[in-house]
Amino acid sequence: MGGGATATAIAGWGMYLPEYRLTNAQLERTVDTNDAWIVERTGIRERRIAAADETTSSMAIAAGAAAIKDAGLAPGDIDLVIVATVSPDQICPATSAFVSDGLGLTCGSFDLGAACAGFAYAVVVASSMIATGGIGTALVIGSEALSRFTDPGDRSTCVIFGDGAGAAVLRGGAGAGAGLLAWDLGCDGSAAALIEVPAGGSRLPASAATVASGQHYFQMQGNEVFRRAVRAVVESATLTLDKAGLTPADIDLFVPHQANVRIIDAIGNRLGIPPEKTAVNIDRYGNTSAASIPLALAEAAAEGRLEEGDLVLVSGFGAGMTWASLVLRWGAGS
Ligand code: UT7
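Numbering (the working numbering), first residue to last: -11 to 322.
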């Protein structure tokens, strides 16, 4: 366990992607869509789909184990596990219970439900707990098996969503100016109906009728989500940069939630952050909700796009509607 108040460094990263690639050409054969529409309207060319024996927790375990290894630690060094997900293994228990068991851990462990902003929310929670000295090291994971909750016949969702997991190890004891410099979290619950899985909870318990009408699948009013997402992210990112005493020109890498390349472009244009400073992998993985930000961060780190001291702006938004912005300084600080 940790000692006194401390800054948090991002000590390690990991990711896991299922092997199976579902291409736009394959989707053309099963729903009324086409490659040109999907590429032009979303930027997606293919997405990964979990195999029958894979789950949100199995992908989280793989990404989490990779992050622990990347940090040069052993599972026993982890004091807290947070799994951000909107596609849990089961309603009960939390997916994090299966993840902790898979990693051989008995420390505190819980799920965080903030949809596509979930990973960013979890980084704020874990960093804050580290800063109090209550814990020393946290494993934060975003993992999704969205394909299990997507109607394969609904072209407004099945072309968008993909599966995968990304993870980070957050560690206290970093030098001054490291880790999470500023953040903003928000949620406008009046827009909750814009993205939902209507059935299977206490509001509308699962029944033969809810299954027959497909209410156990994601339903999304994409157009309205698009409009609100751009506005919320630009406002939240601007506020967070302000809190950190920075401007968009100071940012070395912008890591947005990968929902739609047009949303990413619109946000980048409004903030004044150029494409070469923006992490984009939606073409290969689609929208993986809570997994998209850690996947993009882990890829950027693996590609050498992040150096000690770099300033990173992270922004997420999703069902709720939630949003989250982080300004991070990469590395252990001095
Ligand atoms: O992860 C966080 C939350 N989610 C998001 O951020 C998603 C945000 N929204 C989006 O990414 C976009 O709104 C979508 C990609 C979901 C849809 O793109 P759009 O440009 O907003 O399309 P639209 O819903 O306005 O539909 C335009 C047309 C419609 O046809 P009509 O009515 O103009 O004849 C749709 O029926 O495109 C049609 N359409 C499609 N056509 C071919 C919708 N989906 C498809 C499809 N293939 N897959």
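Every residue, glycine too, gets a C-beta built ideally from N, C-alpha and C.
When burial is assigned at 16 or more other CB atoms within 10 Å of the CB, is residue i buried or exposed?
i, result
"W1", "buried"
"I79", "exposed"
"R159", "buried"
"N248", "buried"
"N12", "buried"
"P140", "exposed"
"T(-4)", "buried"
"E232", "Here residue 232 turns out to be Ala, not Glu, going by the sequence shown. By the 10 Å Cβ count, A232 comes out buried."
"V199", "exposed"
"G106", "buried"
"E34", "buried"
"S277", "buried"
"R191", "exposed"
"T44", "buried"
"S88", "buried"
"E296", "exposed"
"T18", "exposed"
"A279", "buried"
"D99", "buried"
"A82", "buried"
"G165", "exposed"
"P193", "exposed"
"A197", "exposed"
"A289", "buried"
"A62", "exposed"
Taking the alpha carbon of residue i as the reference point, which residue from the options has its own alpha carbon closest?
i, options, result
"G189", "Y205, A179, S178", "Y205"
"I32", "A284, G308, E287, N275", "N275"
"L234", "N257, D298, A114", "D298"
"N211", "I251, A197, K57, T94", "I251"
"A126", "I70, A103, A166", "I70"
"G121", "E34, P76, A162, R35", "A162"
"V218", "A194, A254, V243", "A254"
"D238", "P244, Q207, F214, K265", "K265"
"Q23", "V147, A108, G101", "In the sequence as presented, Gln is not what sits at residue 23; that position holds Asp. Checking every option, the nearest Cα to that of D23 belongs to V147."
"A187", "G202, R293, A179", "G202"
"G101", "A196, W311, R35", "W311"
"C175", "Q246, A103, A72", "A103"
"T30", "A220, A62, S144, A180", "S144"
"S313", "R293, A110, F214", "A110"
"G60", "A(-1), C95, A38", "A(-1)"
"I281", "G177, T73, L93", "T73"
"D77", "G96, F137, V213", "F137"
"A39", "P6, L134, G52", "P6"
"P245", "G292, L229, Y273, S84", "Rather than Pro, the amino acid found at residue 245 in this sequence is His. When only C-alpha atoms are compared, the closest one is Y273."
"M208", "W171, E296, L229, E184", "E184"
"V27", "G256, D271, D142, A196", "D271"
"L173", "A82, A180, A220, D41", "A220"
"G177", "A82, N269, V213, M309", "M309"
"L391", "D65, G256, S195, A108", "The question about residue 391 has no answer, for the chain in this structure spans -11 to 322."
"A108", "E42, T21, W171", "W171"
"T21", "D142, V213, A320, V243", "D142"
"D41", "A320, N257, Y8, P236", "Y8"
Am I right that residue i and residue j are in contact with their C-beta atoms under 8 Å? What's the rounded C-beta distance?
i, j, result
"L91", "I123", "Not a contact, Cβ separation roughly 16 Å."
"A54", "A156", "With a Cβ gap of about 11 Å, A54 and A156 do not count as contacting."
"A333", "A284", "Residue 333 cannot be examined here, being either before or after the span of the chain that is shown, -11 to 322."
"D151", "M47", "7 Å"
"G167", "R317", "6 Å"
"L241", "L294", "6 Å"
"S97", "A85", "6 Å"
"C95", "D58", "Rounded, the Cβ-Cβ distance is 19 Å, inconsistent with contact."
"S135", "I37", "5 Å"
"V315", "L182", "At roughly 27 Å, the Cβ-Cβ gap does not stay under 8 Å, so V315 and L182 are not in contact."
"E287", "N269", "6 Å"
"A179", "R216", "6 Å"
Less than 7 Å between CB atoms is the rule here; does residue i satisfy it with respect to chain D?
i, result
"S190", "Note that chain D does not occur in the displayed structure, where there is just one protein chain."
Entirely enclosed beta strand (DSSP E) segments - the region 262 to 309, minimum 3 residues: 299 to 306
Contiguous beta strand (DSSP E) assignments of at least 3 residues, all confined to the region 17 to 85: 34 to 37, 68 to 72
Any chance the region 129 to 137 sits against the region 11 to 25, with 3 or more Cβ pairs inside 8 Å? no
So does the region 300 to 318 actually touch the region 218 to 230, counting three or more Cβ pairs closer than 8 Å? yes
For the structure I just gave you, are there three or more beta carbon pairs, one from the region 97 to 116 and one from the region 254 to 268, closer than 8 Å? no
Output the residue ranges of the alpha helix (DSSP H) runs that lie fully inside the region 198 to 272 and measure 4 residues or longer, sorted by chain position. 210 to 231, 249 to 259
What residue ranges within the region 79 to 167 form continuous beta strand (DSSP E) runs of no fewer than 3 residues, ordered along the chain? 96 to 100, 125 to 133, 151 to 162
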